[in-house]
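Trainee: Numbering (the numbering used here), first residue to last: 383 to 1280. Shown below is the structure under consideration.
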DNA sequence: GCTCTGCTAAGAGGA
């Protein structure tokens, strides 16, 4: 400890700033990794409190870190970084993981021993790190502009060959079997899609795949199923644990395949990856035999045996340590020839790769540059340096983004120096862009980066390894202590239906619902993120999940946990689009013109020049079903040479307009590709289109807008015309009825209201309404869950239950809305304060709308207050007598919901 | 403050 104090003094005497208070660090750390739990031991997480450069006795520089693993930040330790570790870009406030030994509160990380992992909770893939060896900038760009790397023909063949080999190693290498696997794989729909995109036909792909098959058999013949070890090819491999044994000659026998595409997350080394094949291997050396479980990496391209390829295996040996004993080596197999290379994982390689990982983590973490002057504008940080390697850059798929970022971001602020030799290349790559384009790129790059870094958008699943399931269950987003029951049903390649039950007792109260995306892990720390998928069904006793891997290979006693996949903001798509917008193509040029330089969109003059003559009558008939503004919009769209924006409030008929357009285009013989930023928008369009049969059009149900709602929405909400009709509006008002809301685990619900909704639904059905004509809306998911459970127990099916938001662009004959909120003066939340959400909720019904809620509570939301005031003046509010509530409970029995 | 948006991913090979 004396040493630590000395260090503190030394730092001050060197003129460094005084150590800021501990709280400040904590704040900074919370902002970066909100849930990081500091701890010692194997999975240690340290917070860096101070960093200083110190000269040691040999006049060499060392980096000294004062670190703590205690939440109170009181108990401090020292970490000394020697040799190349000095260059790790670690700063006060950072979270690190240390591997090695700690003696009397001091860690020493030097070239022979120990590792430091910067931001260990940021998992970086093995291939990303391997690619950073040649160019770190490219590796970072590839992580950022993901969609710029479109698959090529060779990649497709590579993927197919991987799958064929993986099928063979778990089954058979017999020539006729290989043929069969090749045939099967080439038929897979996802491969067919790629073939279509690449303009390849199935036959040529199959032929190219078949050329490899003899090498598959050769490899299997060489390395598998041998009677004596001397039949195996001689190889050179010394494992680190062999010590100084000079005899590196050995025979390697592949016994079996233990897993395919094993996906491993390593929060210890800050790595993730998928291992092509995990194999059991016997290493025969002299008369000794060692058994190891090793990663086997397949390559279908040139037999390079390159640093990149070998590094991938070194990193996979680190990943493997999350699941089992250190493999110490991996196997690199080139499928073109069937030649296999053993790759030992020695300390030096691991150290250098982890140092690259740290550099990359630093770059990915610091995307926004910290400004020394507080008032200075927030700006993007420079990327790693541009390398000067014409050969590498010539074929780089990120060259466009690289040059663009340099010109639009880095050169504007003089933040980086470009190697002189690369200046012409950068100019060449960006000369088609105007200053306005560069500015647009820079601005949106910054905006999107900021959005992705905002607090609730951490693309991180760290709670899976930092928080026990029992603790996570409190938040309602996790279920632990699960065991697998029943057989796993294989739906297709990559879709397996699993059933889980709680080891003891019922499934706890949870927010998880059917349709939610989840990550399956083992409760043990060795089994993070085994598989991903979504919840198919969930009830009191069991959870059914559709997963991307069959986990029945694990022991039956394995305890599992399900974690809801956190919502993340996807900036990959917009960033990809932004990059594409800057490309030197005619299409992008036109888009830049319209979007960035605001060229006015152009329109042709006459419809007759776009519509085929014989489609005229059909089109006229389709248009008849629209109101005037919709018909005007439609005409504009048909005349459009560039684009037309259709803007309107919820309920004004945008979806209907688009549907009509699709039908017109279809009538004219065009094929129509629907694309949208959101899935549900396309779903809604398809749903509406499904109502019309091939040429048989059922239109023209004259939609009369309920006067009151129309008046209200026009005057108070949006001053535009909703086209939805409301034949009758009622309000059930439950203040005579005790119906308090329940707030639990981040969800709000109201059981009494749910019962009333289900009761009313059953009345409608008894009166002859089709269940599929009835829709139930609530703003809160928890309420939907309860309503769904009640409907299920009342044997009511086909009634659609959804959130307000999901009902955008949809309608139903009868809509029942449950507002849920009911409390005297507690918090009422933000959700219902949004008038747009309210507008959606009340404009979804075609014939009958029933709003259910507690008037005094709802009056506290300004937009709802206005609506209630209006309904009251029109005498549309109905008090619910208390007997109603009593009899209702009788009808629904004693079911209490969950 | 509890709604929604995205819908895999990590690697497929090139030089």
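Beta carbons are placed, not taken as given, at the ideal position from N, Cα and C, and that holds for glycine.
Going by DSSP, name the residue or residues bridged to residue 655.
Mentor: Residue 655 pairs with 646.
Trainee: Can you check which of these residues, 462, 471, 475, is closest to residue 481 by C-alpha distance?
Mentor: 462
Trainee: Roughly how many angstroms separate the alpha carbons of residue 714 and residue 968, rounded to a whole number?
Mentor: Distance between the alpha carbons of residue 714 and residue 968: 43 Å.
Trainee: Looking only at its own chain, which residues have a Cβ that is under 7 Å from the Cβ of residue 495, when we skip the five neighbours before and after it?
Mentor: 482
Trainee: Please classify residue 594 as buried or exposed, where buried requires at least 16 other C-beta atoms within 10 Å of its C-beta.
Mentor: buried
Trainee: On the DSSP letters alone, give me the boundaries of the alpha helix (DSSP H) that residue 489 sits inside.
Mentor: Note, residue 489: premise wrong, no alpha helix (DSSP H); beta strand (DSSP E) at 488-491.
Trainee: Using only the alpha-carbon positions, how far apart do residue 883 and residue 957 sit?
Mentor: Straight-line spacing of the CA atoms in residue 883 and residue 957 works out to 41 Å.
Trainee: Going by DSSP, what residues sit across from residue 677 in a beta bridge?
Mentor: 660
Trainee: So, does the region 1186-1201 touch the region 1144-1164, judging by three or more C-beta pairs under 8 Å?
Mentor: yes
Trainee: For residue 1281 and residue 787, what's the separation of their Cα atoms in angstroms?
Mentor: In the structure as shown, the chain starts at 383 and stops at 1280, and residue 1281 therefore has no counterpart that could be examined.
Trainee: Going by alpha carbons, who is nearest to residue 907 out of 660, 442, 994, 648?
Mentor: 648
Trainee: Terminal residues of the continuous alpha helix (DSSP H) containing residue 926?
Mentor: Unbroken run through residue 926 is the beta strand (DSSP E), 924-929; no alpha helix (DSSP H).
Trainee: Along the chain, where does the beta strand (DSSP E) containing residue 460 start, and where does it finish?
Mentor: That run of the beta strand (DSSP E) goes 458-463.
Trainee: Exposed or buried, which one is residue 1003 when buried takes at least 16 other CB atoms within 10 Å?
Mentor: exposed
Trainee: Using 10 angstroms around the beta-carbon of residue 514, count the other beta-carbons present and answer buried if the total reaches 16, otherwise exposed.
Mentor: buried
Trainee: Between which two residues does the beta strand (DSSP E) holding residue 1160 run?
Mentor: 1156-1160
Trainee: For residue 1140 versus residue 1172, is the C-beta spacing smaller than 8 Å?
Mentor: Yes, these two residues count as a Cβ contact at 8 Å.
Trainee: Between which two residues does the alpha helix (DSSP H) carrying residue 1011 extend?
Mentor: 1010-1021
Trainee: Output the distance between the C-alpha atoms of residue 464 and residue 1209, rounded to the nearest integer angstrom.
Mentor: 55 Å
Trainee: Can you list, in chain order, the stretches of the alpha helix (DSSP H) that have 4 or more residues and sit fully within the region 824-864?
Mentor: 845-848, 851-854
Trainee: Is the beta carbon of residue 506 closer than 8 Å to that of residue 739?
Mentor: yes
Trainee: Taking the alpha helix (DSSP H) that residue 919 belongs to, which residues open and close that run?
Mentor: That residue, residue 919, is in no alpha helix (DSSP H); its beta strand (DSSP E) goes 913-920.
Trainee: Could you tell me the boundaries of the alpha helix (DSSP H) in which residue 1173 lies?
Mentor: 1163-1175
Trainee: I'd like to know whether the C-beta atoms of residue 522 and residue 474 end up nearer to each other than 8 Å.
Mentor: In this structure, residue 474 does not lie closer than 8 Å to residue 522 by Cβ.
Trainee: Please work out which residues of its chain come closer than 7 Å, Cβ to Cβ, to residue 808, disregarding the five sequence neighbours upstream and downstream, and give them in chain order.
Mentor: 785, 788, 789, 800
Trainee: Note down the Cα distance separating residue 415 from residue 1050, rounded to an integer number of angstroms.
Mentor: Per-residue confidence for residue 415 stands at a pLDDT of 47, beneath the threshold of 50, marking its modelled position as unreliable; no derived number is given.
Trainee: Are residue 459 and residue 449 closer than 8 Å when you measure CB to CB?
Mentor: yes
Trainee: Would the beta-carbon of residue 647 be found less than 7 Å away from any heavy atom of the ligand NAP?
Mentor: This structure lacks the ligand NAP, and indeed carries no ligand of any kind.
Trainee: Over the uninterrupted alpha helix (DSSP H) stretch that includes residue 1222, give me the two end residues.
Mentor: 1217-1224
Trainee: In or out: residue 508 buried (at least 16 other Cβ within 10 Å) or exposed?
Mentor: Buried, by the Cβ-count rule.
Trainee: Tell me the residue span of the beta strand (DSSP E) that contains residue 450.
Mentor: Per DSSP, residue 450 belongs to the beta strand (DSSP E) from 443-450.
Trainee: Assuming residue 1140 is part of the alpha helix (DSSP H), what are its boundary residues?
Mentor: 1133-1148
Trainee: Quick check on DSSP: helix, strand or coil for residue 712?
Mentor: strand
Trainee: Go ahead and label residue 558 buried or exposed: buried means 16 or more other beta carbons lie within 10 angstroms of its beta carbon, across all protein chains shown.
Mentor: By the 16-neighbour rule on beta-carbons within 10 angstroms, residue 558 is exposed.
Trainee: Since residue 1121 contacts residue 1135 with CB under 8 Å, what's their CB separation in whole angstroms?
Mentor: 6 Å
Trainee: Going by other Cβ atoms of all chains shown within 10 Å of its Cβ, with 16 needed for buried, is residue 1189 buried or exposed?
Mentor: Buried is the call here.
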